[in-house]
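Asker: Pasting a structure here, questions to come.
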């Protein structure tokens, strides 16, 4: 046996992505991730409520800098994400194919759509104010301008692999949140977390400031309720919340933010809404924006 044929592969150690770094779960625990045939793929970190709270702290710390970045520069960062993902598309196609039980050709097509989606939202960063803002007519010697501003920290329950294409869905929910100046804490799909955790490696090398996107893998029933009830989370996207009963179910997650007056984007009952291959619209861009109205006296 030759020396080359005797070597062992270096297995990848997946980690969380929090504050621009790659920590292990604070519990030190992992869980097995399997493919569509039940074969072991890797151990993913089992994120806890403490990990989720740490991610919220990182997201809050990043809000001021990211929201204060010019819309043009945010677009450049999102475009850079697309560039870096393009350079690793073969790796992601292989991970998506294995995680979601797809053919190589189908997985490659989905990764290409994910790349295109980053580009699409990058183009909207400096244009969304034109459709969400306005100059308002008033009776008096004033300018009255309404301008959109980011909501703040958004908790995202990412789409699950069993309910659609989870990686494309992941990109489709993260990109509009950060394109408009928000920061995100994302509960990755529990049944297919590996492409999401690998996305953290792309984000870390894409000029995205640390804390703007934070990715937590583990049980949705542990992570999502923490996001829903956390007082420092301003909004919640329940795209991947499941129907039924239990702490990770959509109804419970809709009720939990009531105490802290969060803005909640509920999961749609329309099955077509879970088709992430559809062309994106502006709905998600506008979902996590506030409107600030400014009065300014006319000059002489």
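Residue numbers (the working numbering): 1103 to 1402. Note that CB positions come from ideal geometry on N, CA and C, so glycine has one too.
Using CA atoms only, rank isn't needed, just tell me which of 1395, 1309, 1250 and 1378 is closest to residue 1215.
Answerer: 1378
Asker: According to DSSP, residue 1252 sits in a beta bridge with which residue or residues?
Answerer: 1391
Asker: What does the Cβ neighbour count give for residue 1245, buried or exposed, with the cut at 16 atoms within 10 Å?
Answerer: In summary, residue 1245 is exposed, with fewer than 16 beta-carbon neighbours lying within 10 Å of its beta-carbon over all protein chains present.
Asker: Could you tell me the boundaries of the beta strand (DSSP E) in which residue 1285 lies?
Answerer: It spans 1285 to 1289 - the beta strand (DSSP E) in which residue 1285 sits, taken as one unbroken run.
Asker: Could you give the DSSP three-state label for residue 1365: helix, strand or coil?
Answerer: strand
Asker: Grouping DSSP H, G and I as helix and E and B as strand, with all else coil, what is residue 1152?
Answerer: helix
Asker: By alpha-carbon positions, which one of 1254, 1253 and 1268 ends up nearest to residue 1260?
Answerer: Of the candidates 1254, 1253 and 1268, the residue whose Cα lies closest to the Cα of residue 1260 is 1268.
Asker: From residue 1393 to residue 1234, what does the alpha carbon distance come to, in whole angstroms?
Answerer: In this structure, the straight-line span from the alpha carbon of residue 1393 to that of residue 1234 is close to 8 Å.
Asker: With DSSP as the reference, please indicate the residues paired to residue 1398 in a beta bridge.
Answerer: 1245
Asker: Count the other CB atoms within 10 Å of the CB of residue 1205; is the residue buried (16 or more) or exposed (fewer)?
Answerer: exposed
Asker: Distance, Cα to Cα, residue 1388 vs residue 1108?
Answerer: 55 Å
Asker: Here's the rule: buried if 16 or more other CB atoms are within 10 angstroms of the residue's CB, otherwise exposed. What is residue 1274?
Answerer: buried
Asker: How many angstroms separate the CA atom of residue 1307 from the CA atom of residue 1186?
Answerer: Distance between the alpha carbons of residue 1307 and residue 1186 is about 8 Å.
Asker: If you draw a straight line from the alpha carbon of residue 1278 to that of residue 1223, how long is it in whole angstroms?
Answerer: Distance between the alpha carbons of residue 1278 and residue 1223 is about 6 Å.
Asker: State the Cα-Cα distance for the pair residue 1339 and residue 1326, rounded to the nearest angstrom.
Answerer: 10 Å
Asker: Could you compute how far the alpha carbon of residue 1148 sits from the alpha carbon of residue 1116?
Answerer: 10 Å
Asker: Name the two residues that bound the continuous alpha helix (DSSP H) containing residue 1311.
Answerer: Where residue 1311 is concerned, there is no enclosing alpha helix (DSSP H), given that its DSSP letter is neither H nor E.
Asker: Any chance the stretch 1244 to 1258 sits against the stretch 1138 to 1153, with 3 or more Cβ pairs inside 8 Å?
Answerer: no
Asker: Find the nearest neighbour of residue 1123 within the set 1249, 1383, 1304 and 1180, judged by alpha-carbon distance.
Answerer: It is 1304 whose Cα lies nearest to the Cα of residue 1123.
Asker: With distance defined between alpha-carbon atoms, name the residue in 1319, 1291, 1293 and 1256 nearest to residue 1282.
Answerer: 1256
Asker: Decide if residue 1336 is buried, meaning its Cβ has at least 16 other Cβ atoms within 10 Å, or exposed.
Answerer: buried
Asker: Which residues does DSSP list as the beta-bridge partners of residue 1133?
Answerer: 1146
Asker: In terms of residue numbering, what span does the alpha helix (DSSP H) encompassing residue 1337 cover?
Answerer: No alpha helix (DSSP H) contains residue 1337, which is instead part of the beta strand (DSSP E) from 1337 to 1339.
Asker: Do residue 1382 and residue 1164 have their beta-carbon atoms positioned less than 7 Å apart in this structure?
Answerer: no
Asker: So, for residue 1114: in the same chain, excluding its five sequence neighbours on each side, which residues have a beta-carbon less than 7 Å away from its beta-carbon?
Answerer: Result list for residue 1114: 1144, in chain order.
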